[in-house]
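Residue numbers (our numbering): 10 to 310. By construction, the Cβ of each residue, glycine as well, lies at the ideal position given by its N, Cα and C atoms. Keep in mind that this is a model prediction, so the values were computed, not measured. The structure under discussion appears below in the form of C-alpha cells.
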C-alpha cells in the first residue's frame, strides 16, 4: 500500500482544465507524519511560551516584593539607629545627672553587654542576607535587645528621679547650662599656651563669641566678685553653695554687682576681650572647693 501509486487531480471548473499529481503512498504517510510533528511541536512551544511568561511574571512579582521588603527593612533599620541614638543620649544625660547629685554610676549594661550588635553592624551584616526568615529573626532579636536596653534605662531614670527629689537644693546650685552662645575654642585640660606655645593646664572653657554677646548665670547663687582680676580682666565669680563656684572672665561690662542673689539663666554680663586675651571670648570655670573641674561634665543643654 505504501508503494502503490496514487493520483491527485485538480480541476478548474470555469476553464475545464485539470492537473494530475502522481505520488506513492509512503509520501502521503510521510507528509501526514510531518503535519502531526509540526502540530505537536507548535503545541509544545505554545505550552513552553505560556509557562515562560507565567514564570517571568512571577519572578518580576517576587523581585518587586523583595525590593519592597528590603526598603521596609532599611527603613526599620534607620528607625532602630535613631532609637539607639536616643537611648545613648538618655544614658549620657543620666551620667551627667549622677555626677551632679553625687549618685553612683549606672551599671554599664548596653547592647553589646546583652549580646547584641550596633545598628551599623546590623545593617552591614544582616541586610545582605538572602533568607528572609533568618533576616527577620535577626531583626526581631535586635529589637528585643533595644527593648531590654530601654527597660534598664527606665529603671535607672526612676532611681534618678527619686534621688533628684531628695537633692533639689544641690541641683538648683549646680551649673548645668551654657553661660553664653558661641563655639568652644579651648577645653578643660592640657593645651598649648596661645601666648608662649608651651604646654599648660587650662582650668576651664574658652567660648569664642562676638563682643557684647550676653552671658548668663549657670546656676542659682550669689555674686561674690564683679571687678577686674589681673590677666582675667573683668571677672564675675558666683558662689552657688555646697563648695561650688563659677568664674566668668574677659567680660566687656557687668550687668550685676557684688552681693546680689541671682537665678540660673539670669543676665550677668557681656562677652569682651579684657585682660590677657587673644580675642573676644568668655573664659568659664567651675570650681569645687576651689579646685577647677571640667565644666562640660555638668552642662545638660
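By the 10 Å Cβ neighbour count, where 16 or more other Cβ atoms means buried, how is residue i classified, buried or exposed?
i	result
residue 278	buried
residue 229	buried
residue 272	exposed
residue 49	exposed
residue 215	buried
residue 258	buried
residue 210	exposed
residue 219	exposed
residue 62	exposed
residue 292	buried
residue 189	buried
Which stretch, first to last residue, makes up the beta strand (DSSP E) that contains residue i?
i	result
residue 286	Segment: none, residue 286 is in no beta strand (DSSP E) and carries neither H nor E.
residue 208	208 to 211
residue 218	Careful: residue 218 lies outside any beta strand (DSSP E) and carries neither H nor E.
residue 255	253 to 263
residue 194	192 to 195
residue 224	223 to 225
residue 276	276 to 280
Which residue comes first and which comes last in the alpha helix (DSSP H) that contains residue i?
i	result
residue 178	177 to 181
Report the rounded CA-to-CA distance for residue i versus residue j, giving the unit in angstroms.
i	j	result
residue 200	residue 232	30 Å
residue 288	residue 260	11 Å
residue 121	residue 89	With a pLDDT of only 44 at residue 121, under 50, the local geometry of the prediction cannot be trusted, and the value read off the model is given with reservation. The alpha-carbon atoms of residue 121 and residue 89 are separated by roughly 15 Å.
residue 59	residue 79	30 Å
residue 74	residue 163	38 Å
residue 264	residue 81	56 Å
residue 156	residue 53	58 Å
residue 159	residue 68	41 Å
residue 86	residue 77	14 Å
residue 173	residue 240	38 Å
residue 102	residue 178	19 Å
residue 285	residue 245	16 Å
Under 8 Å Cβ to Cβ from residue i, same chain only, skipping five residues before and after it: list those, please.
i	result
residue 262	243, 278, 279 and 281
residue 267	232, 233, 234, 235 and 236
Among the residues of its own chain, which have a CB less than 7 Å from the CB of residue i, if the five just before and after it don't count?
i	result
residue 275	225 and 226
In the DSSP assignment, what residue or residues form a beta bridge with residue i?
i	result
residue 231	248 and 270
residue 297	253 and 300
residue 291	216
residue 198	211
residue 70	Residue 70 is not bridged to any residue.
residue 236	244
Only counting the same chain, and skipping five residues up and downstream in sequence, which positions put a Cβ closer than 6 Å to that of residue i?
i	result
residue 56	none
residue 217	191, 192, 194 and 290
residue 295	184, 255, 302 and 304
residue 212	294 and 301
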